[in-house]
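Peer 1: Below is the structure I would like to discuss, written out as structure tokens.
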Amino acid sequence: MKKIILFTLSFCFANTMYSQIPILNSKPSVIHKVLYLDFDGQVVIGTPWNSSTSNPTITALPSTLSSAAMLNIWKRMAEDFMPFDVNLTTDVAKFNAATPNSRMRIVITPSSAWYPSSVGGVAYLNSFTWGGNPDTPCWVFENALGYSAKNCAEAGSHEAGHTLSLKHQSIWNGSCAKTAEYHGGIGSGVTSWAPIMGVGYSKNVTIWHRGTNSNTCTTIQFDHGSNGITGAAFLNYTLDDVGNTLATGKTINTNTTLLVDSGMITTPTDVDVFKFSICNNRYMTFNIKPWALDTTAGVYDAADLDIRFQLFNATTTASLAIDTPLAKLNTLVGINLPAGSYYFVIDGGGSANYSDYGSLGRYYMRITSNNIPTIASAFTTNSVLCSGTPINFTDASTGGPNTWNWALTGASPATSTVNNPSATYNTAGIYTVSLVATNGTLTSCGVTQTIMVNASPTISTLNSSPICVGNSANISASGATSYVWNTSSTSASIVVSPTLTTTYTVTGTVAGCSNTSTLNVLVHPLPNVTATSINSLICDGEAAVITAGGATSYVWNTSATSQSITVTPTVTTLYTVTGTDINGCVNSATYNLIVSWCAGINQLDITNTDFIIYPNPVKVCSLLKHLYLMNTT
């Protein structure tokens, strides 16, 4: 295994007061893949860290960072991993519930003395998929990073990148000589840049990169794409939230003075298309900002997305406005528009310092309009839209309408004239919903919006084979990202031990949409195994037959496997038979055979012959020391 380490320059001291750790999840619905920020200390034993450093026990103290600093670290790292299907969490329960070979513990601690070099962090390459118990964590040493939230976040994403197979992004000269193991980036100000797998403590835009790694001057490392983070068995890109074309784009309602919306650029080729129509002349502004800790113009601390914006006429496809700045991360466009249909495209862009390859992440838009019509049609829906589940449409029109005409393409019903209709879409997909609201004298501009109906999951269950009373069964469900059983268990697989045939119900959820499935665990009763004999008492040396019943096969404690056995014990003996029925269920029974000492009259040491004893021989159940006889005379 190759060990990848991150060397740092800063050292300082901090106090030893421990702060409350906030519980944070970047994608709480993603339960199988987890990056866990471990701020509360950790005792590490039995891992390659222990063997490679000859430390049988590594005791990492809790982080001394403040709760605010922990939140800052989580926010910065969450944006780095937002394009991928992984949950960045501070909740150890999420880590424990994740798939063992799809998780990584990132220990953030001031305890670095156990490691033989002065580094800011350290990780094993590819260790995200190692699993194991105990797990092999990666490390961020806050004491070597100046106790800086920015530096700890940079190191955290860097070390996590190593566990996901990434090597350092390095610099090589024209002679193929390495001039820097860690690419330090270029530029200054808001668009200053460095690759995450380099060193970006002093840069603002620190993102995933496509460039030469530390192997050779000709080895181009794609931090994500066909390999890297999204290669092998690591992570996938998150699902696209907004369509890339005019046909699949998202329809928005601009019949309001202010529209607020959001989205995410998830891959280097992803673009998001938004479309709208207006029925009168408007002056409109489009202000699109990337996610950042501080969205003040010219700052955008920790932003990963450099936004590009272009507005088109939907009928002629003519470009009407464009904002592709090289020295800022946001876009701002103001334009007068006549009545008509339009669309705009949001993309991740590059600058003089970096390409658009790593320009990924979330964005937020504010669209303002003046000259809004007297009655502005508008509506809202459920926060989560699922196929097969009724969706409620709520009129939000302004201007006092009293008549509503809805067109619900693809739904049942497909039209409605009530103000707040309900409709069901049986198939997941993108649909358009139109509303024209009037008050009898004034007709509003109709509104058409796109809604995304998510697929309700199909929950599959795996029945166990029938079991016998007293045994356990493993049952499992698939097809969702989270589960709740009627036993209150929340795992995909559970172990149950019913005493009767029982029906189990599981509810699975994906992206807020749920479905249920049931399965039966068939429980067979145990066989009523018996052991009988016509003899309950025999003499030493006599034989007895013991017969079993109630099952189809038998095993005695004598090793015999027949239904009946013949035995000649010399002492009282307990016989046990284990019977198995046609269902494979097992039970047992016992038979206690008493053995007594027996004697005939000729075996008795007596001299008086004047007696009668009948029958002869007679069973005698104790040692005779005296024999009292009846004189026949």
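Counting in our numbering, the sequence shown tops out at residue 662, every number present. Cβ coordinates follow ideal geometry from the N, Cα and C atoms, glycine included. All figures in this text were calculated on a predicted structure; none of them were measured in a lab.
1. Is the region 173-185 in contact with the region 201-217, if contact means three or more CB pairs nearer than 8 Å?
2. Measure the beta-carbon distance from T119 to I52 and round it to whole angstroms, keeping in mind my assumption that it falls under 8 Å.
3. Pairs of beta-carbons, one from the region 64-84 and one from the region 128-138, closer than 8 Å: are there three or more?
4. Going by beta-carbon coordinates alone, are N282 and V476 separated by less than 8 Å?
5. Let me confirm a value: S114 is counted as buried when at least 16 other C-beta atoms fall within 10 Å, else exposed. Which label applies?
6. Work out the CA separation of P442 and Q49 for me, nearest whole Å.
7. DSSP has K304 in a bridge; who is on the other side?
8. In this structure, how does DSSP classify G377 when only helix, strand and coil are distinguished?
9. Which residues bound the alpha helix (DSSP H) around W159?
10. Using 8 Å as the threshold, is the C-beta distance between Y371 and A405 below it?
11. Where are the beta strand (DSSP E) runs, 3 residues long or more, that stay fully inside the region 428-485, in chain order?
12. I think N273 touches V300, with their Cβ atoms under 8 Å apart; what is that distance to the nearest whole Å?
13. For M293, name the three-state secondary structure that DSSP assigns.
14. With a cut-off of 8 Å on the beta carbons, I'd call D385 and F408 a contact; round off their distance for me.
15. Between the alpha carbons of G417 and N411, how many angstroms are there, rounded?
16. What three-state label does DSSP hand S80 in the structure shown?
17. To the nearest angstrom, how far is it from the Cα of Y47 to the Cα of Y230?
18. Taking the alpha-carbon of T595 as reference, which of S562, D610 and N549 has the nearest alpha-carbon?
19. Does DSSP put V121 in a helix, in a strand, or in coil?
20. If we ignore side chains and look at the alpha-carbon of each, how far apart do G227 and L64 end up?
21. Between the region 530-550 and the region 478-492, do at least 3 Cβ pairs fall closer than 8 Å?
22. Skipping 5 residues on each side, what residues in its chain have a beta carbon closer than 8 Å to that of N79?
23. Helix, strand or coil for G578, going by three-state DSSP, please let me know.
24. May I ask you to report which of helix, strand or coil DSSP gives G203?
25. Specify whether the region 308-328 and the region 390-398 touch according to this definition: at least 3 beta carbon pairs, one from each stretch, less than 8 Å apart.
26. Quick one: what does DSSP say Q49 is sitting in, helix, strand or coil?
27. Would you report the Cα separation of S204 and V328, rounded to the nearest angstrom?
28. Work out the CA separation of K279 and A326 for me, nearest whole Å.
29. With M106 as the anchor, note down where its alpha helix (DSSP H) starts and where it stops.
30. Quick check on this structure: which residue in P554, F124 and T587 has the alpha carbon closest to the alpha carbon of V615?
31. Does the distance from the C-beta atom of G185 to that of M99 stay below 8 Å?
32. In terms of alpha-carbon separation, which member of S463, L566 and T456 lies closest to A436?
33. In the DSSP assignment, find the unbroken alpha helix (DSSP H) run with A178 in it and report its ends.
34. Which class does N400 belong to by DSSP, given the choice of helix, strand or coil?
35. Within a Cβ cutoff of 8 Å, which residues of the same chain sit near H197, ignoring the five residues on either side of it in sequence?
Peer 2: Quick look at the numbers:
1. no
2. 6 Å
3. yes
4. yes
5. The identity of residue 114 in the sequence shown is Asp, whereas the question assumes Ser. Classification for D114: buried.
6. 52 Å
7. T280 and Y372
8. strand
9. Taken as a continuous stretch (DSSP letters only), W159 belongs to no alpha helix (DSSP H), as it is neither H nor E.
10. no
11. 432-437, 458-467 and 476-482
12. 5 Å
13. strand
14. So it is not a contact: roughly 36 Å between Cβ atoms.
15. 14 Å
16. helix
17. 25 Å
18. S562
19. helix
20. 20 Å
21. yes
22. V73, P85, T86 and I87
23. strand
24. coil
25. yes
26. coil
27. 38 Å
28. 27 Å
29. S96 to F110
30. P554
31. no
32. S463
33. A178 to T192
34. coil
35. I33, E210, Y211, H212, M226, G227, N242 and S243
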